[in-house]
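Numbering (the UniProt record's numbering), first residue to last: 1 to 228.
C-beta atoms are modelled at their ideal positions from N, C-alpha and C, and glycine is treated no differently.
No experiment lies behind these values; they were computed from the predicted model shown.
So the structure is just underneath, and the comments pick up after that.
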């Protein structure tokens, strides 16, 4: 496991792996990080077989590919991690991480930022431990709060929200087992960002927040999550 006390200097190219349930606010925190430190981090763009959502740009939001193209990349060993959710395939390629870390026009190199799920975290830990990334789990205040966020987002029907919540319950159980370097509870965006930034810069004392207590709804949902 990597340490949250790593140096925050520009010479530190330790990848940062953000993990957390869908709807927990990872995208908002990533945007704040890029706005605050625009020259220090590069977002590792994942591949997916799902269709683009409104406002998403190919090569920026995701590399949108066909299922056949994705399976070819899997067979070629192109991915550091890959997973399937909701019938769609997602993966982070080694090239995507390498592209982030290449020197820019000024000769500076950026740290790669990966936004992946728990299945991907497990694969990186098992197969690519040499990367020594900083694993950060973004937690919701509670599973009921996450349900409210997903419902308000308006992009999924009740069945899809149920699947996402079941997966969230499984991811939160994995985080409670101590598999991440830092826990950030996103109950307030500015407060959560402060913890995330301190962790990345190596100034955070301890492992951040405690995981929220498990609710009865979360226990019931966890039993419905697909096994990894």
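Residue i, DSSP secondary structure in three states
{"i": "residue 93", "result": "strand"}
{"i": "residue 56", "result": "coil"}
{"i": "residue 81", "result": "strand"}
{"i": "residue 151", "result": "helix"}
{"i": "residue 63", "result": "strand"}
{"i": "residue 139", "result": "strand"}
{"i": "residue 127", "result": "helix"}
Which residues DSSP lists as bridging residue i, in chain order
{"i": "residue 115", "result": "18"}
{"i": "residue 41", "result": "111"}
{"i": "residue 203", "result": "BP columns for residue 203 are empty, so no partner."}
Residue nearest to residue i in terms of C-alpha spacing, selected from the options
{"i": "residue 168", "options": "111, 219 and 135", "result": "219"}
{"i": "residue 139", "options": "57, 52, 226 and 189", "result": "189"}
{"i": "residue 159", "options": "67, 86 and 66", "result": "86"}
{"i": "residue 45", "options": "21, 114 and 82", "result": "114"}
{"i": "residue 109", "options": "116, 117 and 100", "result": "100"}
{"i": "residue 187", "options": "165, 149, 164 and 104", "result": "149"}
{"i": "residue 97", "options": "14, 72 and 194", "result": "14"}
{"i": "residue 105", "options": "47, 211, 39 and 145", "result": "39"}
{"i": "residue 126", "options": "80, 144 and 202", "result": "80"}
Nearest-angstrom Cα separation, counted from residue j out to residue i
{"i": "residue 23", "j": "residue 102", "result": "31 Å"}
{"i": "residue 209", "j": "residue 26", "result": "16 Å"}
{"i": "residue 28", "j": "residue 75", "result": "33 Å"}
{"i": "residue 207", "j": "residue 181", "result": "6 Å"}
{"i": "residue 236", "j": "residue 137", "result": "The question about residue 236 has no answer here: the residues shown for the chain are numbered 1 through 228."}
{"i": "residue 223", "j": "residue 37", "result": "40 Å"}
{"i": "residue 82", "j": "residue 92", "result": "6 Å"}
{"i": "residue 3", "j": "residue 134", "result": "Any reading at residue 3 needs caution, since the residue's pLDDT is 38, under 50, leaving its predicted position unreliable; the model's value is listed next. When rounded, the distance between both Cα atoms is 7 Å."}
{"i": "residue 49", "j": "residue 66", "result": "5 Å"}
{"i": "residue 31", "j": "residue 43", "result": "10 Å"}
{"i": "residue 221", "j": "residue 192", "result": "25 Å"}
Integer Cβ distance of residue i from residue j, believed to fall under 8 Å
{"i": "residue 215", "j": "residue 142", "result": "6 Å"}
{"i": "residue 17", "j": "residue 184", "result": "Rounded, the Cβ-Cβ distance is 13 Å, inconsistent with contact."}
Residue i Cβ short of 6 Å to the ligand FMN heavy atom set
{"i": "residue 217", "result": "The ligand FMN is absent from the structure shown, which contains no ligand whatsoever."}
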